[in-house]
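Undergrad: I'd like to ask you about the structure that follows.
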Amino acid sequence: MELNHTHDVTQRSWLETANVAGTDFPLQNLPLGVFRRRGGGETWRGGIAIGDQIVDLAALQQAGCMDGLALDAVRAATATTLNALLEMGPTAWQALRHALFELLRAGSPHEPGVRKTLVSQAEAEYAVPVRIGDYTDFYTSLDHAVNCSRPLGMAISPNFDWLPIAYHGRVSSIGVSGQQVYRPMGQFRPDPSAPPVHDACRRLDYELELGAVIGVGNPRGNSVPLRDAQRHIFGLCLLNDWSARDIQSWEMQPLGPFLAKNFATTISPWLVTLEALLPYRTTWSRAAERPQPLDYLSSDDNRAAGAFDIQLEASILSARQLAQGRQPRTLTRTSFRHQYWTLGQMIAHHTMGGCNLQPGDLLGSGTISGPSSGEAGALIELTVGGTQPVDIGNGESRSFLDDGDTVIFRGWCERDGFARIGFGTNHGTVLPVPSAESAH
């Protein structure tokens with residue numbers, strides 16, 4: 001896939017909010033999601049974000065301004081999930097993007113008809129955009145690994161340099177932005193000299209991640225070579241891998257996290273396609289003093305353009321700050337380009353043993369942290385294991401999350417000569433354990 005006219009920064013839309021500086025959803029983005037008007041009991045269906053509006057793809061199907069493969073793709077996207085569109089493959093995805101670009105660009109003769117399909121984002125509610133069959137979460141940031149290991153006087157795992165570490169997560173508790181996250185109960189051991197306790201988590205954390213949604217799968221028994229791996233990705237979203245650190249530290253040996261992760265995962269509603277992200281690919285390399293990947297995790301294409309320069313931000317807003325009308329406090333700004341392993345390498349390794357990925361599968365990137373102190377993607381790093389609370393403004397500080405805290409992620413891409421495109425927001429709010437009875 002190559003850069004094309006849909007990446008042209010000089011192109012503008014007839015919808016003025018798509019041309020406003022700083023918008024996440026200009027003409028060059030066109031991410032897909034699943035929505036309906038809030039409170040009306042409507043059927044969920046596919047939509048495309050443009051400016052502050054949504055192109056209702058079910059309405060567009062009836063507008064008579066599309067034909068051929070693009071119309072087939074629109075029909076597939078009118079369902080309650082985008083899986084049927086994902087199964088059509090990259091040629092159909094591109095046909096849909098290019099057709100929408102023409103319909104929405106300034107001067108399009110179809111403006112009157114397309115304008116009738118618009119729904120305000122302010123009036124919409126969102127669903128998880130795909131039917132997720134399987135969810136795999138990776139652990140691929142060297143900076144995150146070092147930041148978490150150093151306070152404990154431990155070295156990072158010896159396999160970290162050699163393979164993208166991952167575990168299989170829980171699909172049933174994945175929700176869309178706005179998700180209410182109940183503080184989990186669990187078993188943990190606050191006093192190493194005493195037996196473990198059963199109690200509400202005391203060290204609740206977020207993890208700043210990206211989610212990659214698989215578009216085209218692979219047959220069981222067939223691995224995906226690194227050179228082809230990105231072609232299997234439909235798009236990316238923001239992902240919060242909520243984590244109960246006290247539960248995690250007690251349970252994760254020897255098989256990895258379980259209750260510490262399975263209570264909630266939150267993703268943003270819009271999937272930014274790989275075609276929209278093409279201008280923001282960048283080089284990937286490994287420091288000379290560190291081991292270089294094995295052959296199946298190494299390719300010229302991956303070194304030349306396997307990474308993505310996606311800017312990311314994590315903020316917190318406490319319940320008290322919300323009541324006072326205050327703004328969230330930004331705690332982290334970093335970039336996905338720092339990741340030790342690329343998305344392509346994650347897919348190549350995931351399928352190396354013959355595992356069959358399927359349309360709608362979700363891969364979590366793992367916590368995204370950078371080399372500087374302000375680039376840590378989780379509170380456990382920012383607070384040095386909870387020993388150095390961070391200021392969140394208004395006289396409040398946090399070692400870990402309190403009930404009522406809202407965590408907000410934002411992501412965007414910028415590069416000279418190209419439009420700024422964004423992911424929207426991903427936010428979730430921590431609620432207490434659901435009932436007093438369950439706490440005993």
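Sequence positions in the sequence shown follow the UniProt record's numbering and run 1 to 440. Ideal Cβ placement from N, Cα and C applies to all residues, glycine included. Computed from a predicted model, the values in this text were never measured in an experiment.
List in chain order: all unbroken beta strand (DSSP E) runs of 3+ residues lying wholly within the stretch 293-354.
TA: 311-317 and 329-335
Undergrad: Would the beta-carbon of Leu317 fall within 8 Å of that of Ile380?
TA: no
Undergrad: If we require 3 or more residues per run, which beta strand (DSSP E) segments fall completely within the UniProt domain "Fumarylacetoacetase N-terminal" (28-129)?
TA: 32-37, 45-50, 53-56, 118-120 and 124-127
Undergrad: So if DSSP puts Thr10 in a beta bridge, which residue, or which two residues, is it bridged to?
TA: Note: Thr10 sits in no beta bridge, so no partner.
Undergrad: Taking the alpha carbon of Val213 as the reference point, which residue from Ile247, Tyr296 and Val128 has its own alpha carbon closest?
TA: Val128
Undergrad: With distances taken Cα to Cα, identify the nearest neighbour of Glu313 among Ala260, Glu289 and Glu375.
TA: Glu375
Undergrad: Inspect the beta-carbon positions of residue 476 and Arg227 and report whether they are closer than 8 Å.
TA: Nothing in the structure corresponds to residue 476, since the chain is present only between 1 and 440.
Undergrad: Along the chain, where does the alpha helix (DSSP H) that runs through Ile247 open and close?
TA: Per DSSP, Ile247 belongs to the alpha helix (DSSP H) from Arg245 to Glu251.
Undergrad: Taking a contact to mean a Cβ-Cβ separation below 8 Å, would you say Gly51 touches Phe25 in this structure?
TA: yes
Undergrad: Between the C-alpha atoms of Asp416 and Thr10, what's the straight-line distance to the nearest angstrom?
TA: 12 Å
Undergrad: Less than 8 Å between the C-beta atoms of Asn240 and Gly428, yes or no?
TA: yes
Undergrad: For Trp250 and Gln187, I'd like the C-alpha separation in whole angstroms.
TA: So the alpha carbons of these two residues sit roughly 8 Å apart.
Undergrad: Going by C-alpha distance, which of Leu277, Asn83, Asp246 and Ala106 is nearest Cys413?
TA: Residue Leu277 is the option with its Cα nearest to Cys413.
Undergrad: Once you ignore the five residues that flank Ala229 on each side, which residues in its own chain have a CB closer than 6 Å to its CB?
TA: Gly344, Ile347 and Ala348
Undergrad: Hey, would you say Ile233 sits closer than 8 Å to Gly215, going by beta carbons?
TA: yes
Undergrad: Any idea if Pro192 is buried or exposed, counting beta-carbon neighbours within 10 angstroms, 16 or more meaning buried?
TA: In the assembly as shown, Pro192 is an exposed residue. Its beta-carbon has fewer than 16 other beta-carbons within 10 Å.
Undergrad: Assuming Thr283 and Arg303 are in contact, meaning their beta carbons sit under 8 Å apart, how far apart are those beta carbons, in whole angstroms?
TA: 6 Å
Undergrad: Straight-line CA distance for Thr140 to Gly40?
TA: 42 Å
Undergrad: My understanding is that Arg45 touches Asp161, with C-beta atoms under 8 Å, so please give their C-beta distance in whole angstroms.
TA: In fact, because the Cβ distance is near 45 Å, the residues do not count as touching under 8 Å.
Undergrad: Please state if the CB of Asp402 and the CB of Arg430 are separated by a distance shorter than 8 Å.
TA: Looking at the sequence shown, residue 430 is not Arg but Val. Cβ distance < 8 Å, so Val430 and Asp402 count as in contact.
Undergrad: Would you decide whether Ala155 is buried or exposed? Buried here means 16 or more other CB atoms lie within 10 Å of its CB.
TA: exposed
Undergrad: In this structure, how does DSSP classify Gln358 when only helix, strand and coil are distinguished?
TA: The three-state secondary structure of Gln358, taken from DSSP, is coil.
Undergrad: In chain order, what residues of the same chain lie with their CB nearer than 8 Å to the CB of Gln180, ignoring the 5 residues before and after it?
TA: Gly428, Thr429 and Leu431
Undergrad: Taking Ala307 as the reference, which of His350, Ser365, Gln327 and Arg320 has the closest Cα?
TA: The residue with the shortest Cα to Cα distance from Ala307 is Ser365.
Undergrad: Trp93 to Glu396, Cα distance in whole Å?
TA: 46 Å
Undergrad: Would you call the CB atoms of Thr273 and Gly235 closer than 8 Å?
TA: yes
Undergrad: Am I right that Gln53 and Val119 are in contact with their C-beta atoms under 8 Å? What's the rounded C-beta distance?
TA: 7 Å
Undergrad: Determine the extent of the alpha helix (DSSP H) in which Cys148 is found, giving its start and end residues.
TA: Leu142 to Ser149
Undergrad: Taking only three categories from DSSP, how would you classify Gly256?
TA: Residue state, collapsed to three classes: coil.
Undergrad: Starting from Leu431 and walking both ways along the alpha helix (DSSP H), at which residues does that stretch end?
TA: Per DSSP, Leu431 belongs to no alpha helix (DSSP H); it is in the beta strand (DSSP E), Ile421 to Leu431.
Undergrad: Please state the DSSP three-state secondary structure of Glu16.
TA: helix
Undergrad: Over the uninterrupted alpha helix (DSSP H) stretch that includes Leu379, give me the two end residues.
TA: That run of the alpha helix (DSSP H) goes Leu379 to Leu382.
Undergrad: Mind checking Ala439: buried by the 16 CB within 10 Å criterion, or exposed?
TA: At Ala439, the pLDDT of 46 sits below 50, so the modelled position is not reliable and the matter cannot be decided from this model.
Undergrad: Is the separation between the beta-carbon of Gly360 and that of Arg131 shorter than 8 Å?
TA: In this structure, Gly360 places its C-beta atom within 8 Å of the C-beta atom of Arg131.
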